[in-house]
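Participant: Residue numbers (the UniProt record's numbering): 1 to 440.
Each residue gets a CB set at the ideal place from its N, CA and C atoms; glycine is no exception.
Computed from a predicted structure; not experimentally measured.
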Amino acid sequence: MRSFHSWLATSLLVFASGKARPSAPHTIQLERYVGRHNLTNYRGQATVSLRDWIANTDLQWYSTIQVGNPPQNLSVVFHFNFREVHTDDYFCSTVMYDTGSTDLVLPMRNCTDCGSHTLFQPAGSQTFSRQPNVKLVGKYSTGATTVPLRTSEVVNCTVNSDTVRLGELTSSGQWIVFCTEFPEVFRNMPMDGIMGMGVAPQSAADGIPTFWSWYYSGQLDEPVFAFYFVPGSEYRAEMTVGGVDESKFVGDIVWTDLNRNASILSEAYVVDFVSLDINGRPALTTSNHSTGIAGGPPAPFTAGLIALDTGTAFLQTPDQQSAEDLYRQISPFITQIDSAGAWGPPCPLLDAVAPELTFTISTDGQTITLPRSFFNLGEYPGLPGLCQAVFNSPTEPLEDPTGAGRAVWLVGSPLLKAYYTVWNGLELRVGFATPVGPFI
1 MRSFHSWLAT
11 SLLVFASGKA
21 RPSAPHTIQL
31 ERYVGRHNLT
41 NYRGQATVSL
51 RDWIANTDLQ
61 WYSTIQVGNP
71 PQNLSVVFHF
81 NFREVHTDDY
91 FCSTVMYDTG
101 STDLVLPMRN
111 CTDCGSHTLF
121 QPAGSQTFSR
131 QPNVKLVGKY
141 STGATTVPLR
151 TSEVVNCTVN
161 SDTVRLGELT
171 SSGQWIVFCT
181 EFPEVFRNMP
191 MDGIMGMGVA
201 PQSAADGIPT
211 FWSWYYSGQL
221 DEPVFAFYFV
231 PGSEYRAEMT
241 VGGVDESKFV
251 GDIVWTDLNR
261 NASILSEAYV
271 VDFVSLDING
281 RPALTTSNHS
291 TGIAGGPPAP
301 FTAGLIALDT
311 GTAFLQTPDQ
321 QSAEDLYRQI
331 SPFITQIDSA
341 GAWGPPCPLL
351 DAVAPELTFT
361 ISTDGQTITL
371 PRSFFNLGEY
381 PGLPGLCQAV
391 FNSPTEPLED
401 PTGAGRAVWL
411 VGSPLLKAYY
421 TVWNGLELRV
431 GFATPVGPFI
């Protein structure tokens, strides 16, 4: 979701609570937010669509967390006629879970451009502390929809601390990034904030994100979390923290090591890019000539990196030339339809030419595949009759965090939702399994 670089200018530090007895894995029901032109369902409530969201595409999955203590009597209102919820519970905020970041980011009182999001009220919590009171200016390079951003979105925030709960999991004194200026792209979203689920910090000086606070305090048995996404289903998605739910996948979990240096430096889940196949044939690019001479025959893409990001609703090539080369091999009718980097053809054509795309993500041949059925992201907002293909091209290419200059691909939820995924940010590996369900 965020920039590939850590956007916190100051390191965050949180002290985990005392050691508690390990418990069984926790499974949390996730709600799926699907953008539609005329109607959106939210918690079973029918609502007006949100600004021409892409039809029939899964955008984000999210759930509710609680912040603060003691209980507050709050009116929780979601933007664009989402149902109003009155609660006598703790401050409740809906968050999406993002493997491309590490911070818990929420809107706060006095936010003037947060729409109708739930705003945290510090005066209502006895456990709120202004410490460490660090002022931050952050950037997000991708939004929560399939529409690419022309430029990075800016947020103005302050790091304070309070108690964070997810079900029975509790983190006291958790550092939270509270924002009084939200990116425009988030103002109309049904979720209030973002919970970063990036890899484990390498030291306390780098800060301890919420998930890792739960793990290091002994509340979780294993340093893993797992996602079970059910495309097209409203309520069946789940996130399990502290283990896996063996009833949600079949066969074995196939593990792949992360690129250690890139993952640690970016605080994200980054694997190696070895190759890309289109319908079983190597994808070629004009920027890597087999003869080594400019203008020579195209050759397979060079080795690089892939950032795996559940908070991004599309896939992204390293640059515009890569997208042009890739789509040329699929159909000459797929062209750039938005200067920000979206591509697509007339809708009837896209499903007809949709390929199966397979990434090789390790030197031992481990692959992950985007099914043909997930290649079409739906009709593009403001362009009736044109549908968006799954790859966007960046206006600001992601940089190799190691400084080696390798090309960086971005793989978001359109591919990840095809698997039961398991994320181990301590041992720096990610697992893929076949999910149960009729959609694969």
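Which of the three DSSP states, helix, strand or coil, is assigned to S217?
Facilitator: S217: coil per DSSP, three-state reduction.
Participant: How long is the line joining the alpha carbons of M96 and G311, rounded to whole angstroms?
Facilitator: 7 angstroms
Participant: Assign P435 to one of two classes, buried (16 or more other C-beta atoms within 10 Å of its C-beta) or exposed (fewer than that).
Facilitator: buried
Participant: Report all residues from its chain with a CB closer than 8 angstroms to the CB of Q321; omit the five preceding and five following residues, and keep chain order.
Facilitator: T285, T286, S287
Participant: Candidates Y420, Y419, A418, W409: which alpha carbon is nearest G100's?
Facilitator: W409
Participant: Does DSSP put S172 in a helix, a strand or coil?
Facilitator: strand
Participant: Buried or exposed: G193, going by 16 or more other Cβ atoms within 10 Å of its Cβ?
Facilitator: buried
Participant: Decide yes or no for the touch test of the segment 325-345 against the segment 124-139: beta carbon pairs closer than 8 angstroms, at least 3 of them.
Facilitator: Cβ pair count under 8 angstroms is below three, so no.
Participant: Please classify G304: does DSSP put it in a helix, a strand, or coil?
Facilitator: The answer is strand: DSSP assigns G304 an E or B state.
Participant: On the CB-based measure, 16 or more other CB atoms within 10 Å of its CB, does T363 come out buried or exposed?
Facilitator: exposed
Participant: Please tell me whether A262 and P401 are closer than 9 angstroms, where the distance is taken between their beta carbons.
Facilitator: Yes, Cβ-Cβ distance for A262 and P401 is below 9 angstroms.
Participant: Counting only runs of 3+ residues fully inside the segment 90-118, write out the beta strand (DSSP E) ranges in chain order.
Facilitator: 91-98, 104-107
Participant: Less than 9 angstroms between the C-beta atoms of Q316 and S393, yes or no?
Facilitator: yes
Participant: Please report how far the alpha carbon of D325 lies from the alpha carbon of D252, in whole angstroms.
Facilitator: A direct Cα-to-Cα measurement between D325 and D252 gives close to 35 angstroms.
Participant: According to DSSP, is residue 454 helix, strand or coil?
Facilitator: Residue 454 falls outside the range modelled here, since the chain spans only 1 to 440, and no answer is possible.
Participant: What residues in its chain sit with their C-beta under 6 angstroms from that of D277, if we drop five residues either side in the sequence?
Facilitator: Counting only Cβ-Cβ distances below 6 angstroms, and skipping sequence neighbours, we find T358.
Participant: Express the C-alpha separation of E399 and C387 in angstroms, rounding to a whole number.
Facilitator: Spanning the two alpha carbons is a distance of roughly 29 angstroms.
Participant: To the nearest angstrom, how far is the alpha carbon of Q174 from that of V164?
Facilitator: 7 angstroms
Participant: Report the rounded CA-to-CA distance for W255 versus G232, giving the unit in angstroms.
Facilitator: 27 angstroms
Participant: Can you tell me whether F432 is buried or exposed, with buried defined as 16 or more other CB within 10 angstroms of its CB?
Facilitator: buried
Participant: Comparing the CB of D192 with every heavy atom of the ligand GDP, is any distance shorter than 8 angstroms?
Facilitator: In terms of ligand content, the structure shown is empty, and the ligand GDP therefore cannot be addressed.
Participant: Ignore the nearest five residues each way along the sequence and tell me which others in L383's own chain have a CB closer than 7 angstroms to its CB.
Facilitator: Residues of the same chain with a CB within less than 7 angstroms of the CB of L383, apart from the 5 flanking positions on each side, are I337 in chain order.
Participant: Going by the beta-carbon positions, is the gap between D103 and E184 smaller than 9 angstroms?
Facilitator: no
Participant: Give me, in chain order, the residues of the same chain whose beta-carbon lies closer than 8 angstroms to that of T369; leave out the 5 immediate sequence neighbours on both sides.
Facilitator: E356, L357, T358, F359, L415, A418
Participant: Under 9 angstroms, do I92 and T180 count as touching if we go by C-beta distance?
Facilitator: Before going further, note that residue 92 is Cys rather than Ile in the sequence given. In this structure, T180 does not lie closer than 9 angstroms to C92 by Cβ.
Participant: Contact defined as beta carbons within less than 8 angstroms: I believe L308 pairs with V411. What is the distance between those atoms, to the nearest angstrom?
Facilitator: 5 angstroms
Participant: On the CB-based measure, 16 or more other CB atoms within 10 Å of its CB, does A313 come out buried or exposed?
Facilitator: buried
Participant: Expressed to the nearest angstrom, what Euclidean distance is found between the alpha-carbon atoms of V422 and W212?
Facilitator: 15 angstroms
Participant: Classify P435 as helix, strand or coil using the three-state DSSP reduction.
Facilitator: strand
Participant: In the DSSP assignment, find the alpha helix (DSSP H) that holds A262 and state where it starts and stops.
Facilitator: 260-266
Participant: Measuring alpha carbon to alpha carbon, tell me which of V244, G115, P190, R372 ends up nearest G280.
Facilitator: R372
Participant: Between which two residues does the beta strand (DSSP E) carrying Q388 extend?
Facilitator: For Q388, the uninterrupted beta strand (DSSP E) run begins and ends at 387-389, by DSSP.
Participant: From the DSSP output, read off the bridge partner residues of Q66.
Facilitator: C92, R165
Participant: Rounded to whole angstroms, how far is the Cβ of P209 from the Cβ of G198, which I believe are closer than 8 angstroms?
Facilitator: 7 angstroms
Participant: Quick check: the Cα distance between R236 and D245, rounded to an integer number of angstroms?
Facilitator: 13 angstroms
Participant: Can you tell me whether A226 is buried or exposed? The criterion is at least 16 other CB atoms within 10 Å of its CB, across all chains shown.
Facilitator: buried
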